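Novice: Protein chains in written order, with my numbering: chain A, 2 to 331; chain B, 2 to 331; chain C, 2 to 331.
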Amino acid sequence: MTFSGQMINAETKRLPFDAKHDGRFEGQHILSIGQFSLQDLVYIFDVAEEFRLMVRRVGALELLKGRILANLFYEPSTRTSSSFIAAMQRLGGTVIPINEVRYSSVSKGESLPDTIRTLESYADVIVLRHHETGSAALAAKYAHKPVINAGDGIGEHPTQALLDLYTILQERAKVSGLTITMLGDLKYGRTVHSLAKLLSLFDVKINYVSPEILRMPADLITHLDGKGIKQTQHTDLDAVLKETDILYVTRIQKERFSSETEYNSVKNSYVITPDTLAQAKPDMVLMHPLPRVGEISMEVDDDPRAAYFRQMEYGVYIRMALLALVLGKA
Amino acid sequence: MTFSGQMINAETKRLPFDAKHDGRFEGQHILSIGQFSLQDLVYIFDVAEEFRLMVRRVGALELLKGRILANLFYEPSTRTSSSFIAAMQRLGGTVIPINEVRYSSVSKGESLPDTIRTLESYADVIVLRHHETGSAALAAKYAHKPVINAGDGIGEHPTQALLDLYTILQERAKVSGLTITMLGDLKYGRTVHSLAKLLSLFDVKINYVSPEILRMPADLITHLDGKGIKQTQHTDLDAVLKETDILYVTRIQKERFSSETEYNSVKNSYVITPDTLAQAKPDMVLMHPLPRVGEISMEVDDDPRAAYFRQMEYGVYIRMALLALVLGKA
Amino acid sequence: MTFSGQMINAETKRLPFDAKHDGRFEGQHILSIGQFSLQDLVYIFDVAEEFRLMVRRVGALELLKGRILANLFYEPSTRTSSSFIAAMQRLGGTVIPINEVRYSSVSKGESLPDTIRTLESYADVIVLRHHETGSAALAAKYAHKPVINAGDGIGEHPTQALLDLYTILQERAKVSGLTITMLGDLKYGRTVHSLAKLLSLFDVKINYVSPEILRMPADLITHLDGKGIKQTQHTDLDAVLKETDILYVTRIQKERFSSETEYNSVKNSYVITPDTLAQAKPDMVLMHPLPRVGEISMEVDDDPRAAYFRQMEYGVYIRMALLALVLGKA
């Protein structure tokens, strides 16, 4: 029984921890958060926690020495790309960085399966970011080596959801019993959809705060309802701020609105400032997937409750865990 | 006497294997297939084979630990670029990836010699891909460290030709005695020209199958004729399919034709399908330099005769061999 | 007392060498040449010299094994970027190369402080190249890990100035007593401004040779005057060529002139050819920050006085020294 296992089990009291996970993810693809059981999460978080402590102690490991990651990004994402590169390097492995796909053989018309089969002949594991939903599943269908989905269009971005949940665990040492408030664009935000699904494995309350036109999709609310998750919807953060343990803020994009006036009025009412935090719990955790464009005032950054930069760091440990697990080296 | 040496010598019965090659390529440039004797090929393939087995056993080596490759690509080629990166990393070396040359000092007007002399002050070996024919020779003229040509315009791409020949050896354990059929665009295809020249070192028969306007250049046919190579020309694959041991397919580009109609009629008659393979020898080897854009149906991929993805993997071992050899570490 | 210490002290006779610098730069930012005392320079050059000898002997070290450099280039500079990559790799560290910033989260409107705080959660040190003056200082203000300025607009490029001075030391084994002539665009040339400031720590004479419209800024001349540096200004190199020990040539950009005719007349009068060197001292050192676009004839490259390619190599050792120092590992 380990770190995350203790935390999660102590809270959920639902599942005994199964220590026999060793090798469970070896050779597997990481495509969707739907593939993870609560036990899987515990296992991944335990490995991530171990890596976090070792990085803090010794900087880097040699676990994946000689292993190569093909980091295949069809659309740019410096944040996610760099996080995976750091994760692989902290484990002693090396990276083939492929960021300029639009200029390459793909522009000669090569299919994703061919690109994947080529890269797997060079590397040991493939991380794929693609603008089209379903790309990761397509890649995995043809790949003989593990594919990790780093975001496919409006589809999944499972490592983001895992790092979000891991952040909650790190910051609050539990998940069940917490009240999580999601704020901003809840309609198009891939991040909050995935996190909500993961949270449904725990005993939590979720508040959704958004403009009317950007509400959480009804089918997802129904889905969580079926799992017994308490949910409420609001347009005003004040209604739930005081009870909130985790405030998860997302970006509201101008393009979603019919007029700039409408956008500006809405935008300003969802900006987190020191005034907002003054009314929040002293141990509330303020999260954001980043990049932010004004949704959280920079004046808030030095408040200990501002967890979004720590969230980035936790992401490296999650990705280290996944890389090591699919390569059978955790 | 080793793997490739046995295979090639057993077949060619022309040259005794000279074991005293050690250090032969150290400090040398790899610019053109014309620089290799049959003994050179045997030596390179032996080293490649050794690396193939070691990668399979232990993943990666430390032979080039501390050595740096400057991977200088003036035009994008994810496939070739990634293959060299993987090769260097599998040998324990590191890579300076330079893919965005068009944005850099070159756009300030810097000459290729100056770029090369700068990079050799940082790195131990330079891989160069350039859109202009003769660039590799120009770079080599000014370089004090080894330059490996990774394709210069319609000029040479020697590592591609070497990996093609190595693939034939790997798949059929011999070269001499085989009937090789080259299909598609034989006029502009740098790949088939280089491979044909390399094959002329062996006792083979070569069939050329192409549209009339894309026939193998007459001077190259004359050249091989002078070396005693049996050659035939066709517009229809059926004429030679049954006797073919190696079917080397290349891409036919739309731009070569005066009308789209002409292109489409021709294109379809050179597509490899399961029906094609049904008429081929059971041990025929189907090759393609990739990327493909429809010349080979994806339905064929799972046929054991489809060797094009293995071909990609062999390329890594060839490039490992060349990197180790020019750095005096094979 | 070590290499550079001996050289500098022997010449300057101003400062006793303080051996107790160990750890002095650990955790610090490298933003401006203004932050360095003469003792700092001696210390940095000593470390650089040690690394130069070790690279020559063993190729690479393991000093920064497990450490990660985020190489963040908002504007392309293959030369500087590759030099830092080589420096980190020669020390056994690894690199997250970020060259395509314009396509990434920045284009979503992320601020530099947020990008820096994200990258420091992945890496141990950040090298920053940015088109806006003051960017490095802004980044450093928010960073909790060392930031090294690799050029910020028309602001500073401290590692260039350090490598220039280190080149003079390497080539002439002293600085004080030398006559340095700076040639070309002295008005906009960030490089010559920084070098002049560094040289003012020594007892040197500086000649400025430029077109009238590209003269060294008056305030900088006044500044050096206040430090007792002898300075002269000319439009013609002949006036000072014979007395010159170090000839530092810079590029004259067409955009600085009102007409192409004016540009061409001026440009040609500042081109270094074998004829120029025929009139120069036999031990003169010819430097250029590169890239050059015709200011120095290629015919001059093989003259032993042509030091600009060696200058590039020295840059790697300077950057190795700075990386090791700020990471507390020198």
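We put the CB at the ideal spot given by N, CA and C, even for glycine.
The structure displayed is predicted, hence computed values, not measured ones.
Among residues of its own chain, excluding the 5 on either side of A:A88, which ones have a beta-carbon nearer than 7 Å to its beta-carbon?
Specialist: Here residue 88 of chain A corresponds to residue number 87 of the first sequence, with the count starting at 1. Cβ neighbours of A:A88 beyond the five flanking positions: V317, R320, M321, L324.
Novice: Throw me the rounded Cβ distance for the A:I86 and A:A124 pair, which I believe falls under 8 Å.
Specialist: Position 85 of the first sequence holds residue 86 of chain A. Position 123 of the first sequence holds residue 124 of chain A. Going by Cβ atoms, the distance from A:I86 to A:A124 rounds to 13 Å, so no, they are not a contact pair.
Novice: Give a yes or no on whether the minimum CB-CB distance between A:T314 and chain C is below 8 Å.
Specialist: Position 313 of the first sequence holds residue 314 of chain A. Note that residue 314 of chain A corresponds to Glu in the displayed sequence, not to Thr. True, the Cβ-Cβ gap to chain C drops below 8 Å.
Novice: Given that B:L129 touches chain A, what residues does it touch there, using C-beta distances under 9 Å?
Specialist: Locating residue 129 of chain B in the second sequence gives position 128, where the first residue counts as 1. Chain A residues near B:L129: none, gap ~17 Å exceeds 9 Å.
Novice: Please report the distance separating the alpha-carbon of A:K66 from that of A:I149.
Specialist: Residue 66 of chain A sits at position 65 when you count from the first residue of the first sequence. Residue 149 of chain A sits at position 148 when you count from the first residue of the first sequence. For the pair A:K66 and A:I149, the Cα-to-Cα distance works out to about 19 Å.
Novice: In terms of DSSP beta bridges, what is C:T233 paired with?
Specialist: Counted from its first residue, the third sequence places residue 233 of chain C at position 232. Looking at the DSSP assignment, C:T233 forms a beta bridge with C:N208.
Novice: Under 8 Å between the Cβ atoms of B:T160 and B:Y249?
Specialist: Residue numbering aside, residue 160 of chain B sits at position 159 when the second sequence is read from its first letter. Residue numbering aside, residue 249 of chain B sits at position 248 when the second sequence is read from its first letter. Cβ atoms of B:T160 and B:Y249: not closer than 8 Å.
Novice: So is C:P292 in contact with chain F if we call contact Cβ pairs under 8 Å?
Specialist: The structure shown contains no chain F; the protein chains it does contain are A, B and C.
Novice: Just the Cα atoms here: how many angstroms apart are B:L238 and A:G156?
Specialist: Within the second sequence, the letter at position 237 stands for residue 238 of chain B. Within the first sequence, the letter at position 155 stands for residue 156 of chain A. Their backbone Cα atoms lie some 44 Å apart in a straight line.
Novice: With H, G and I counted as helix, E and B as strand and the rest as coil, what does DSSP make of A:R306?
Specialist: In the first sequence, residue 306 of chain A corresponds to position 305, counting from 1. Of the three classes helix, strand and coil, the one that applies to A:R306 here is coil, per DSSP.
Novice: Anyone know if the C-beta pair for B:V126 and B:L70 falls short of 8 Å?
Specialist: Looking up residue 126 of chain B in the second sequence gives position 125. Looking up residue 70 of chain B in the second sequence gives position 69. Yes, Cβ-Cβ distance for B:V126 and B:L70 is below 8 Å.
Novice: What did DSSP end up calling A:D246 once you bin it into helix, strand or coil?
Specialist: In the first sequence, the residue the question calls residue 246 of chain A occupies position 245. Coil.
Novice: Just to confirm my understanding: we take A:L163, look at its own chain, exclude 5 residues before and 5 after, and list those with CB closer than 6 Å. What are they?
Specialist: If you number the first sequence from 1, residue 163 of chain A lands on position 162. Same-chain partners within the cutoff: I319.
Novice: In three-state DSSP terms, what is C:T81?
Specialist: The residue labelled residue 81 of chain C in the question sits at position 80 within the third sequence. In this structure, C:T81 counts as helix in the three-state DSSP scheme.
Novice: Who are the neighbours of C:P98 on chain B, taking C-beta pairs under 8 Å?
Specialist: The residue given as residue 98 of chain C occupies position 97 in the third sequence. P98, listed in chain order.
Novice: Does the beta carbon of C:F310 come closer than 8 Å to any beta carbon on chain B?
Specialist: The count along the third sequence starts at 1 and reaches residue 310 of chain C at position 309. Closer than 8 Å: yes.
Novice: Which class does C:V43 belong to by DSSP, given the choice of helix, strand or coil?
Specialist: Here residue 43 of chain C corresponds to residue number 42 of the third sequence, with the count starting at 1. In this structure, C:V43 counts as helix in the three-state DSSP scheme.
Novice: Give a yes or no on whether 8 Å exceeds the smallest Cβ distance from A:Y104 to chain B.
Specialist: Locating residue 104 of chain A in the first sequence gives position 103, where the first residue counts as 1. In this prediction, A:Y104 has a pLDDT of 46, which is less than 50 and means its spatial position is unreliable; nothing more can be read from the coordinates.
Novice: Across which residues does DSSP place C:R57 in a beta bridge pair?
Specialist: Locating residue 57 of chain C in the third sequence gives position 56, counting from the first residue. Note: C:R57 sits in no beta bridge, so no partner.
Novice: Between the segment 133 to 152 of chain A and the segment 164 to 176 of chain A, are three or more C-beta pairs nearer than 8 Å?
Specialist: no
Novice: Are A:D246 and A:K282 touching if we call contact CB-CB under 8 Å?
Specialist: Taking the first residue of the first sequence as 1, we reach residue 246 of chain A at position 245. Taking the first residue of the first sequence as 1, we reach residue 282 of chain A at position 281. Their beta carbons are under 8 Å apart, which means A:D246 touches A:K282 by this criterion.
Novice: Which residues of chain C have a Cβ atom closer than 8 Å to the Cβ of A:Q90, listed in chain order?
Specialist: The residue you call residue 90 of chain A lines up with position 89 of the first sequence. Simply I69, T95, I97.
Novice: Tell me whether A:S119 sits in a helix, a strand or coil according to DSSP, three-state version.
Specialist: Numbered from 1 along the first sequence, position 118 holds the residue referred to as residue 119 of chain A. Going by the sequence as given, residue 119 of chain A is Thr instead of Ser. If DSSP states are grouped into helix, strand and coil, A:T119 belongs with the helices.
Novice: Using the beta-carbon of each residue, which ones in chain A are nearer than 8 Å to C:Y264?
Specialist: Your numbering for residue 264 of chain C matches position 263 in the third sequence. The contacting residues do not exist; C:Y264 stays about 34 Å from chain A at best.
Novice: Distance check for A:R57 and C:F52, CA to CA, integer angstroms please.
Specialist: Residue numbering aside, residue 52 of chain C sits at position 51 when the third sequence is read from its first letter. Residue numbering aside, residue 57 of chain A sits at position 56 when the first sequence is read from its first letter. C-alpha separation (whole angstroms): 27 Å.
Novice: What does a CB cutoff of less than 7 Å around A:Y104 pick up in its chain, not counting 5 residues either side in sequence?
Specialist: Start at 1 with the first residue of the first sequence, and residue 104 of chain A comes out as number 103. At A:Y104, the pLDDT of 46 sits below 50, so the modelled position is not reliable; the number obtained from the coordinates is stated separately. Result list for A:Y104: empty, nothing under 7 Å.
Novice: Look at the Cβ atom of B:D115, then the Cβ atom of C:R293, and state whether they are nearer than 8 Å.
Specialist: If you number the second sequence from 1, residue 115 of chain B lands on position 114. If you number the third sequence from 1, residue 293 of chain C lands on position 292. Cβ distance < 8 Å, so B:D115 and C:R293 count as in contact.
Novice: Curious, which full-length beta strand (DSSP E) runs of at least 3 residues does the segment 131 to 194 of chain A contain?
Specialist: 148 to 153, 180 to 184
Novice: Quick one: give me the first and last residue of the beta strand (DSSP E) that C:L73 is part of.
Specialist: Here residue 73 of chain C corresponds to residue number 72 of the third sequence, with the count starting at 1. DSSP places C:L73 in the uninterrupted beta strand (DSSP E) bounded by 69 to 74.
Novice: Measuring only the C-alpha atoms, how far is A:R311 from A:D41?
Specialist: To locate residue 311 of chain A, count along the first sequence from 1; it is residue 310. To locate residue 41 of chain A, count along the first sequence from 1; it is residue 40. If I take the Cα positions, the gap works out to 23 Å.
Novice: Going by DSSP in three states, A:Y104 sits in which element: helix, strand or coil?
Specialist: Against the first sequence, residue 104 of chain A aligns to sequence position 103. For A:Y104, the predicted model reports a pLDDT of 46, less than 50, meaning its position is unreliable; a value from the coordinates is still stated below. DSSP places A:Y104 in helix when its eight states are reduced to three.
Novice: Using a Cβ-Cβ distance cut-off of 8 Å, determine whether A:E111 contacts chain B.
Specialist: Within the first sequence, residue 111 of chain A is the residue found at index 110, counting from 1. Closer than 8 Å to some Cβ of chain B, the Cβ of A:E111 qualifies, so yes.
Novice: Roughly how many angstroms lie between the CA atoms of B:S106 and A:S122, to the nearest whole one?
Specialist: Numbered from 1 along the second sequence, position 105 holds the residue referred to as residue 106 of chain B. Numbered from 1 along the first sequence, position 121 holds the residue referred to as residue 122 of chain A. Note that B:S106 has pLDDT 48, beneath the 50 cutoff, so the model's placement of it is unreliable and the number below is only indicative. Cα to Cα, B:S106 sits roughly 33 Å from A:S122.
Novice: Measuring only the C-alpha atoms, how far is A:D47 from B:V301?
Specialist: To locate residue 47 of chain A, count along the first sequence from 1; it is residue 46. To locate residue 301 of chain B, count along the second sequence from 1; it is residue 300. Cα to Cα, the separation comes out at about 43 Å.
Novice: Identify the continuous beta strand (DSSP E) that holds C:T95 and give its terminal residues.
Specialist: Position 94 of the third sequence, counted from the first residue, corresponds to residue 95 of chain C. Note, C:T95: beta strand (DSSP E), 95 to 99.
Novice: C:M285 by DSSP, collapsed to three states: which one?
Specialist: Taking the first residue of the third sequence as position 1, residue 285 of chain C is located at position 284. When DSSP states are grouped into helix, strand and coil, C:M285 belongs to the coil group.
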